[in-house]
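*Asks:* Offset between the sequence shown (1-based) and the working numbering: plus 420. Ideal Cβ positions, reconstructed from N, Cα and C, are used throughout, including at glycine. Remember, it's a predicted structure, so these values are computed and weren't measured experimentally. Before I ask anything, here is the structure I am working with.
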Amino acid sequence: MSQVVDFLNEAKTYYFATVEGDQPRVRPFNAAMERNGKVYLGTTNQKKVYQQLLANSKVEVSGMAKGKWIRLTCNDPLKSCSGHNE
421 MSQVVDFLNE
431 AKTYYFATVE
441 GDQPRVRPFN
451 AAMERNGKVY
461 LGTTNQKKVY
471 QQLLANSKVE
481 VSGMAKGKWI
491 RLTCNDPLKS
501 CSGHNE
């Protein structure tokens, strides 16, 4: 997981996608950290992204750095995520 965090932090800005009802919502994020082998992205419970996560935990994260990209797909961020990069 440290490779994922390193890549996201190297990208500086990456994009976090959620769903609100039937509408996709994408916003820039810029900080990732690892703890106990898990990747954490921070937000506050006052933001819409937090409420969207409570309603539907399916999310994707995508970023690009130095000509390479990463996409993480999470059906339940509390359990596990899968990823792909090039």
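Measure how close the beta-carbons of valine 425 and valine 446 come, nearest whole angstrom, since I'm counting them as under 8 Å.
*Replies:* So it is not a contact: roughly 20 Å between Cβ atoms.
*Asks:* For alanine 431, collect the residues of the same chain with a Cβ closer than 7 Å to its Cβ; drop the 5 residues on either side in sequence, then sort them by chain order.
*Replies:* For alanine 431, where only same-chain residues beyond five positions count, the Cβ hits under 7 Å are Gly483, Met484 and Ala485.
*Asks:* Is it buried or exposed for asparagine 470, if we count other Cβ within 10 angstroms and need 16 for buried?
*Replies:* Asparagine is not the amino acid found at residue 470; the sequence shown has tyrosine there. Tyrosine 470 is exposed by the Cβ-count criterion.
*Asks:* What span of residues does the beta strand (DSSP E) with serine 482 cover, start to end?
*Replies:* Counting along the chain, the beta strand (DSSP E) containing serine 482 begins and ends at 479-485.
*Asks:* For glutamine 472, report the span of its alpha helix (DSSP H) as first-last.
*Replies:* Residues 468-475.
*Asks:* Grouping DSSP H, G and I as helix and E and B as strand, with all else coil, what is asparagine 429?
*Replies:* Correct three-state label for asparagine 429: helix.
*Asks:* Could you check where the beta strand (DSSP E) with leucine 442 kicks off and where it finishes?
*Replies:* The sequence shown places aspartate at residue 442, not leucine. No beta strand (DSSP E) contains aspartate 442, which DSSP labels as neither H nor E.
*Asks:* Since valine 481 and phenylalanine 436 are thought to touch, with beta carbons under 8 Å apart, how far apart are those beta carbons, to the nearest angstrom?
*Replies:* Their Cβ separation, rounded to whole angstroms, is 5 Å, which keeps valine 481 and phenylalanine 436 in contact under 8 Å.
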